[in-house]
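Participant: I'd like to ask some things about the structure below.
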Amino acid sequence: MENTALCYRQFGEPESVLQQETAIKAPLQPGNLRVQMLVAPVNASDLIPITGAYRHRITLPAIAGYEGVGRVIAAPDSAASLLGQRVLPLRGEGTWQQYVDCPASMAIPVPDTVATPLAARGFINPMAAWLMLSLYPVQGKQVLLTAAGSDCGILLGQWALRQGATAVYGIHRSAIHAERLRGMGITPVVQQDIDSVRAIAATSDLAFDATGGELAQTILGAMDKRAAFICYGLLSGQPFTLQRHFPPMHWFHIRNHFEALNPQAWQAAFREIWPLLAASQYSDARLLPFTDWQSALAHYRQAGRTCKPVLAFE
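Its first residue numbered 7, the sequence shown is counted upward by one per residue in this note's numbering.
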């Protein structure tokens, strides 16, 4: 079986180092499923590792992509019921390829009620939001978000309100996000309005930050020492410096929590996530052919976009 994949053999900017390669797929290993991919989104979490930011845990050459949805075309006897079903082929190979092999116990069945473009985005951002809100309860607290227009940001905001947050403020850069956030119950805050950012940070109990850099520094400097600051990304590409008078700072990396989720807990988490995701407002998907992956990356880079670029394999 021939398989076409987006590979990288060195670290660098994805547009420069990704290559489309076709090779014979290795035989399916015992206990694994083989999944024919339907669609796979483009996320920051897909692109940042290609730059070498996590080179200590990546062996080259590598296939890009961490999530997506496909249809099972081969399965062991123990998972024969999944044949022909849509699944998320997670925690196995990179998903930016035509055929993905993954452990049968880690594949997540997709409910019939969830559309394929939405299901393809059912892992990275929903799981991150679900885990963070489990680790840092928001009931009765004021919450502040950065990168509030991002997929993870809008889920964090909506789910925090469902869990009893008294208010959620969302910092955004592009004006296009303001009405969208307000429609979700999230109060928009313009990132360039530093006085407003400081004032809201001073009264917030929890901040979930995806940007780092100067914005994180500003928020930390304004927050009460009894508050908590959770950093789950550095989209700005810039670090920030901690000071003694700052509130407690917690690093969140989704990968660090996988080992605590055995197959049963892994499947149970998605049974909670699917109905939450289906009941939430989420970014629309813009489908682009897998062979036109350069256009998908260019669309991802557009400032103020409200659609998620998704690679379509059919």
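C-beta atoms are modelled at their ideal positions from N, C-alpha and C, and glycine is treated no differently.
(1) Counting only the same chain and skipping the five closest in sequence on each side, list residues whose C-beta sits under 6 Å from that of Asn49.
(2) The beta strand (DSSP E) spanning Asp215 covers which residue range?
(3) Buried or exposed for Pro67, please, with buried defined as at least 16 other CB atoms from any protein chain shown within 10 angstroms of its CB.
(4) For the putative contact between Phe319 and Gln104, defined by C-beta atoms under 8 Å, what is the C-beta separation to the nearest angstrom?
(5) Nearest CA to the CA of Gly100: which residue from Gly128, Arg92, Thr312, Ile56?
(6) Return the chain-ordered list of same chain residues with a C-beta closer than 8 Å to the C-beta of Pro253, the five sequence neighbours on each side being excluded.
(7) Within the same chain, show all residues whose beta-carbon is closer than 7 Å to that of Arg15, passing over the 5 residues directly before and after it, in chain order.
(8) Across the region 159-172 and the region 129-148, are there enough close Cβ pairs to call them in contact, namely three or more that are closer than 8 Å?
(9) Measuring only the C-alpha atoms, how far is Glu21 from Gln300?
(10) Start and end of the beta strand (DSSP E) containing Leu53?
(11) Looking at the structure shown, is Trp280 part of a helix, part of a strand, or coil, going by DSSP?
(12) CA-CA distance, Pro143 and Leu267?
(13) Counting only the same chain and skipping the five closest in sequence on each side, list residues whose C-beta sits under 7 Å from that of Arg204.
(14) Apart from the five residues just before and just after Cys237, which ones in its own chain have a Cβ nearer than 6 Å to its Cβ?
(15) Using the rule of at least 16 other Cβ atoms within 10 Å of the residue's Cβ for burial, across every protein chain shown, is Thr217 buried or exposed?
(16) How about the region 276-287 and the region 295-310: do they share at least three Cβ pairs that are nearer than 8 Å?
(17) Could you have a look at Trp257 and say whether DSSP puts it in helix, strand or coil?
Facilitator: By the coordinates alone:
(1) Closer than 6 Å at the Cβ level, and outside the excluded window around Asn49, lie Ile130.
(2) For Asp215, the enclosing beta strand (DSSP E) begins and ends at 212-215.
(3) Pro67 should be labelled exposed.
(4) Contact check for Phe319 and Gln104: beta-carbon distance about 6 Å, within the 8 Å limit, so the pair qualifies.
(5) Comparing Cα positions, the closest option is Ile56.
(6) When the five nearest sequence neighbours on each side are left out, the beta carbons in the same chain lying within less than 8 Å of the beta carbon of Pro253 are those of Leu226, Met229, Asp230, Lys231, Arg232, Ala233, Ala234, Phe235, in order along the chain.
(7) Only Leu66, Pro67 meet the Cβ criterion.
(8) Flag = yes, the region 159-172 and the region 129-148 touch.
(9) The C-alpha of Gln300 is placed about 7 Å away from the C-alpha of Glu21.
(10) Segment 50-53 is the alpha helix (DSSP H) holding Leu53; no beta strand (DSSP E) there.
(11) Judged by DSSP in its simplified three-state form, Trp280 adopts helix.
(12) Each residue's alpha carbon lies about 19 Å from the other.
(13) So the list reads Thr224, Ala228, once near-sequence residues are dropped.
(14) Within the same chain, Cys237 has close Cβ partners Asp215, Trp257.
(15) Burial call: buried.
(16) No, the region 276-287 does not touch the region 295-310.
(17) Looking at Trp257 - three-state DSSP - the assignment turns out to be strand.
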